[in-house]
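The opening residue of the sequence shown carries number 0 in numbering that gives the first Met the number 0; numbering runs sequentially from there.
C-beta atoms are modelled at their ideal positions from N, C-alpha and C, and glycine is treated no differently.
Keep in mind the model is a prediction, meaning the values are calculated, not measured.
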Amino acid sequence: MQHPFRNILFFVLLVNSGFGYAQSTVYIQNNTDLDFDISVSISGNKTITGNQWSALETISTAWENKAAIIDFDPDTVLVNGDTVVFDISASFSGDTVHLMAMFIGPSLGVNLQYAASASSFNHPWYSDGIFHEGQTTMDTTSCTIKYKRELDTLDNDDNIVFAIHKNFVYSILSSDFNDPNTINVMSYNVKLMPIITGDFFERASLLPALFSQNQDVVIFQEVFSDSARWSYLTPAMQAAGFANYTLILNDTALPGVTSLTNGGVIIYSKWPIVSEAEYRYNNCSDFNAQDCFATKGIKYAEIDKLGKTYHIFGTHMEAGGSALDVQIRIEQYGEMWNFIDSLNLPDTEAVIIGGDLNTGPKDGSEYTALKAALLPLIPDHIGYFESTFSYADTGNVIDHVWGSMRHLLPAEAYNSIITFRGIDSLMWDIADFSDHRTCLGRFSYPEITFNTIDTNLCLMDALTMSIASNFSLSYQWKLNGSAITGANATSYSIISATSGDNGVYDCSVTTDLFLGASSQVLTQWFFPNGPETFSKIRTYNVANVGIQDPCGVGLPEALSGDQEIRIYPTPSNGYITLEIGELRLPLTIEMYNSIGQLEKRAEIVNYTTQINLGDSSPGLYYIWVKTAEFSVSEKLIIY
């Protein structure tokens, strides 16, 4: 089986104490999403038989945890001068790494030596107990081969740990980071739980350095340990470039917060956080005491990336599989939408929902309820096929980074599941940074640009109107609200103006997002009915065009002084307000259409006057305000 993200491989060669005798066992802890073919060759001056060692597995499956490959009992087999060499080959797609152990039977006990080789290096035998490493390539990926000797104090036989480590867990293009319309959001349940878990310094201090330098936003869950957050996590995130972060959800340090723990959710950003808010869920299960102590809820951050607004929501929902747990989660889906809705966010801006929802596509009616409540935009999925360490449980994805169908629709979107594991000396015996994998979400949104045109044309004149986007979208030009047949390009031209070209020109732009066609293993879970197309249409006023016939005749010339005249709203549905500054009353107003014909005349006696023009046809008009001394004209659009 092959998966697209190839992260880390731990190959653990452990010489363990058996039941009263020295038993050497070779383990593979496969920390990659590759399935390795395993083969063992034996050499040396001592020939061993099949009943003196055991071959236990021939395949190391992706992320398999310490699978035993061979057993060997050197103390009962070897005598002084005997030598046995095990060469364990782990191979994928033509690339092989050799992890070797040599047992030598001296007069005072077995001597164990170790070495490694690959296409780019060939190490000598070592027995010094310090780390050794080399660089090679596995499946076109740069890897570090690192290993050391470890003492076994139970029987004085030594252990050897080999690791094949992918040097880059994931990458994000710098063009993404510099693009205001593209955002990369990570969700990670990091399990920093007081009393229950440990290794806070190692995990919280070393994790942020593994993030891509082009990562925009990180949503953490289960940051329950205040000391780990203050002392390790936040300083490490700041060192990685995340200068901006919210308060922790339900911060127990704040006045009025009486719960025992915080809510564990916090958002870090490399871009300014304009505002933040939070919501605590109403209920938790009496049978799930940890969740009641956790005070779970939602954290919100409004983020300004290079002038583009993103609304980020991070959450951690009720855990557990009891009927009550499920019912509470379903309630929380509704609570989350009510919280989002209460913020009155513009539907023209991006909303992203990330976190540990404890629900995924394998959860049947509960997952259906989640989608019905939140109306999420669920991206294509790449990477590994589960987001926890349940092992080989395809489709068990409960950590998500989703968009919102009620808000701005992206033109591109995907999630990927990756795994962080460490081979730093501090992480050597810990390996996993959490009991969850990491969910990455990438969203790229259309940017619509155009120059608004407000002009008068003479008969036979020409005019081109244009609109542009950073994606290939669909376009429909309209005149006075009606679609123009065949006008589906990014520009529309009036070739030879006639009176029929007078009016308001809009362009309706359709974003189509096609999802579910990926060949990735998770596609069948997230899109069980096959590919889907999601569409949104937004209409933009591009031009307001008037036609003069005869050209330049009939429209009064504006002789404006310093006097102020305000006409609003414009565009208008026919009801306008006219405000006069310091002009002497009474005065006269006249309204002309775009070809210079007088449509209305009225006398104004108040400085603020409401006027009903509802019987006028949609189009461009000119309001001429005049006194005996001067005149002023203003444009007005009626739709």
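Item to check | Which of helix, strand or coil DSSP assigns to GLN212 | outcome: Three-state DSSP puts GLN212 in coil, outside helix and strand.
Next on the checklist: Give me the residue from ALA238, GLY382 and GLY262 with the minimum Cα distance to ASP647.
Outcome noted: Outside the shown range of the chain, which is 0 to 638, sits residue 647, and nothing can be said about it.
Item to check | Sequence-distant residues of its chain with Cβ nearer than 8 Å to PHE120 (five each side left out) | outcome: For PHE120, the CB contacts under 8 Å within the same chain, skipping 5 residues up- and downstream, are GLY133, GLN134, THR135 and ILE144 in chain order.
Item to check | Whole-Å CB distance - PRO179 paired with GLY306, under 8 Å assumed | outcome: Indeed they touch by this definition, with Cβ atoms about 6 Å apart.
Next on the checklist: Within the continuous alpha helix (DSSP H) that includes VAL604, where are the two ends?
Outcome noted: Where VAL604 is concerned, there is no enclosing alpha helix (DSSP H), given that its DSSP letter is neither H nor E.
Next on the checklist: Buried or exposed, going by whether 16 or more other CB atoms sit within 10 Å of the CB of VAL350?
Outcome noted: VAL350 is buried by the Cβ-count criterion.
Checklist entry - Between which two residues does the beta strand (DSSP E) carrying VAL76 extend? => result Annotation for VAL76: no beta strand (DSSP E) segment contains it, though the alpha helix (DSSP H) segment containing it runs 73-76.
Item to check | Residue of THR448, TRP476, SER465 and SER386 minimising C-alpha distance to ARG436 | outcome: Checked all of THR448, TRP476, SER465 and SER386; the closest Cα to ARG436 is SER386.
Next on the checklist: Buried or exposed for GLN596, going by 16 or more other Cβ atoms inside 10 Å?
Outcome noted: Classification for GLN596: exposed.
Checklist entry - Do TRP52 and ASP36 come within 8 Å of each other at the CB atom, strictly closer than that value? => result Not closer than 8 Å, so no.
Checklist entry - When DSSP labels each residue in this structure, what does GLN596 get in the three-state scheme? => result Coil.
Item to check | DSSP state of LEU635 mapped onto helix, strand, coil | outcome: Note: LEU635 maps to strand in three-state DSSP.
Item to check | Range covered by the alpha helix (DSSP H) that runs through GLU277 | outcome: No alpha helix (DSSP H) contains GLU277, which is instead part of the beta strand (DSSP E) from 272-279.
Checklist entry - What separation, rounded to the nearest whole angstrom, lies between the Cα atoms of ASP460 and ILE452? => result Their backbone Cα atoms lie some 15 Å apart in a straight line.
Item to check | Through-space distance from VAL222 to ILE265, alpha-carbon basis | outcome: Straight-line Cα distance between these residues: approximately 8 Å.
Item to check | Among PRO105, LYS269, THR82 and ALA235, the one whose alpha carbon lies nearest that of ASN243 | outcome: Comparing Cα-Cα distances from ASN243 to each of PRO105, LYS269, THR82 and ALA235, the minimum goes to LYS269.
Checklist entry - Among ARG228, LEU253, TYR539 and TYR267, which has the Cα closest to the Cα of GLY240? => result Per the Cα distances, TYR267.
Next on the checklist: Given this structure, state the Cα-to-Cα distance separating THR510 from TYR231, to the nearest angstrom.
Outcome noted: The alpha-carbon of THR510 is positioned some 43 Å away from that of TYR231.
Checklist entry - Who pairs with PRO375 in a beta bridge, going by DSSP? => result As a beta-bridge residue in DSSP terms, PRO375 pairs with SER403.
Item to check | Start and end residues, alpha helix (DSSP H) containing GLY333 | outcome: DSSP places GLY333 in the uninterrupted alpha helix (DSSP H) bounded by 322-341.
Checklist entry - If you scan the segment 153-214 from start to end, which runs of the beta strand (DSSP E) of 3 or more residues do you find wholly inside it? => result With a minimum length of 3 residues, the continuous beta strand (DSSP E) runs that stay inside the segment 153-214 are 158-165 and 181-191.
Item to check | Exposed unless 16 or more other CB atoms sit within 10 angstroms - verdict on GLN212 | outcome: By the 10 Å Cβ count, GLN212 comes out exposed.
Checklist entry - Can you tell which of GLU581, GLY421, TYR332 and ILE159 has the C-alpha that lies nearest to the C-alpha of ASP127? => result Put simply, of GLU581, GLY421, TYR332 and ILE159 the residue whose alpha carbon is nearest the alpha carbon of ASP127 is ILE159.
Next on the checklist: Can you list, in chain order, the residues of its chain with a C-beta nearer than 8 Å to that of GLY618? Leave out the 5 residues immediately preceding and following it.
Outcome noted: If we look at GLY618 and ignore the five residues flanking it on each side, its Cβ neighbours are ASN479, ASN501, GLY502, VAL503, GLY545, ASN592, SER593, ILE636 and ILE637.
Item to check | Extent of the continuous alpha helix (DSSP H) run through VAL51 | outcome: Here residue 51 is Gln; the residue named in the question, Val, does not match the sequence. GLN51 -> no alpha helix (DSSP H), and no H or E assigned at all.
Next on the checklist: Per the DSSP calculation, ARG565 is bridged to which residue(s)?
Outcome noted: Answer is GLU578.
Checklist entry - For the candidate residues ARG148, HIS131 and PHE161, whose alpha-carbon lies nearest to that of SER88? => result Its Cα nearest to that of SER88, the residue PHE161 stands out among ARG148, HIS131 and PHE161.
Item to check | Selection from GLY421, LEU425 and PHE442 that minimises the alpha carbon distance to PHE432 | outcome: Of the candidates GLY421, LEU425 and PHE442, GLY421 places its Cα closest to the Cα of PHE432.
Checklist entry - If we ignore side chains and look at the alpha-carbon of each, how far apart do PHE176 and VAL25 end up? => result Roughly 44 Å separates the two Cα atoms.
Checklist entry - Excluding sequence positions up to five away, which residues of its chain have a Cβ less than 6 Å from the Cβ of GLN112? => result Closer than 6 Å at the Cβ level, and outside the excluded window around GLN112, lie MET101, TRP124 and SER126.
Next on the checklist: Is the separation between the beta-carbon of ILE417 and that of LEU439 shorter than 8 Å?
Outcome noted: Less than 8 Å divides the Cβ of ILE417 from the Cβ of LEU439.
Item to check | DSSP state of ALA293 mapped onto helix, strand, coil | outcome: In the structure shown, ALA293 falls within a helical segment according to DSSP collapsed to helix, strand and coil.
Item to check | Coarse secondary structure for ARG441, derived from DSSP in three states | outcome: In the three-state DSSP reduction, ARG441 falls in the strand class (E or B).
Checklist entry - Taking the beta strand (DSSP E) that MET137 falls in, what are its first and last residues? => result For MET137, the enclosing beta strand (DSSP E) has its first and last residue at 131-137.
Next on the checklist: Any beta carbon of chain D sitting closer than 8 Å to that of PRO193?
Outcome noted: Protein chain content of the structure displayed is limited to a single chain, and chain D is not contained in it.
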